[in-house]
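Sequential numbering from 6 applies to the sequence shown in the working numbering.
See structure below.
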Amino acid sequence: MTIDQADRAIGAGAKFIVSPGFDAEIVQYCIDRDVPVCPGTQSPSEMIAAMKMGLDHVKFFPAELSGGVKMIKAIGAALTKMRFMPTGGVNAANVTDYLSCDKVFCAGGSWMVKKDLMQAGEWDKVRGLVSEAAAIVREVRTPAE
């Protein structure tokens, strides 16, 4: 959310930056350092601003509260080159719908890294949820032979 945070992430070896909102200064900071950046957007205006900066991939947040897959398809019909990373309300029950949309390049969700499980050190449960998510991705995104 700040240049300092982006700088610390890059300094720690981050290969890309994802943020909850669109901040042109932070986007430009990442572009100037040749670090891919995926800012959070909710409105077509924010997405167009990102496009004007040369981006064609943005985070769509909060996805479910902002219209979900239907909204992505509607916006994607106008912004044909834009691809989306939905987060916010994405979960095991709806991630297939998101990943099945050709405008979605990936999806994120905290359902697989629940705070209470991590705080309790229940890594086997976290691993199981992450494995479940990976299986969903393989099922939806693996081409049929």
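No residue lacks a Cβ here, since even glycine has one placed at the ideal position from N, Cα and C.
Thinking V109 and I77 are a contact (beta carbons under 8 angstroms), I'd like their distance in whole angstroms, please. Their Cβ separation, rounded to whole angstroms, is 6 angstroms, which keeps V109 and I77 in contact under 8 angstroms.
I'd like to know if the stretch 59-75 and the stretch 89-105 are in contact, where contact means that at least 3 CB-CB pairs between them fall below 8 angstroms. With the cut-off at 8 angstroms, the stretch 59-75 and the stretch 89-105 touch.
If you reduce the DSSP assignment to three classes, tell me which class P226 lands in. Not covered by the structure: residue 226. The range shown for the chain is 6 to 150.
DSSP has M90 in a bridge; who is on the other side? Under DSSP, M90 forms a beta bridge with K64.
For the putative contact between G45 and G26, defined by C-beta atoms under 8 angstroms, what is the C-beta separation to the nearest angstrom? The Cβ separation is near 5 angstroms, so the contact holds.
Output yes or no for whether 8 angstroms exceeds the beta carbon distance between V95 and G114. Result yes, Cβ atoms of V95 and G114 sit closer than 8 angstroms.
Report buried or exposed for I31, applying the criterion of at least 16 other Cβ atoms within 10 angstroms of its Cβ. The C-beta of I31 has 16 or more other C-beta atoms within 10 Å across all chains shown, which makes the residue buried.
What are the boundary residues of the alpha helix (DSSP H) that D39 is part of? No alpha helix (DSSP H) holds D39; DSSP gives it neither H nor E.
Please work out which residues of its chain come closer than 7 angstroms, Cβ to Cβ, to C106, disregarding the five sequence neighbours upstream and downstream, and give them in chain order. Within the same chain, C106 has close Cβ partners V74, I77 and K78.
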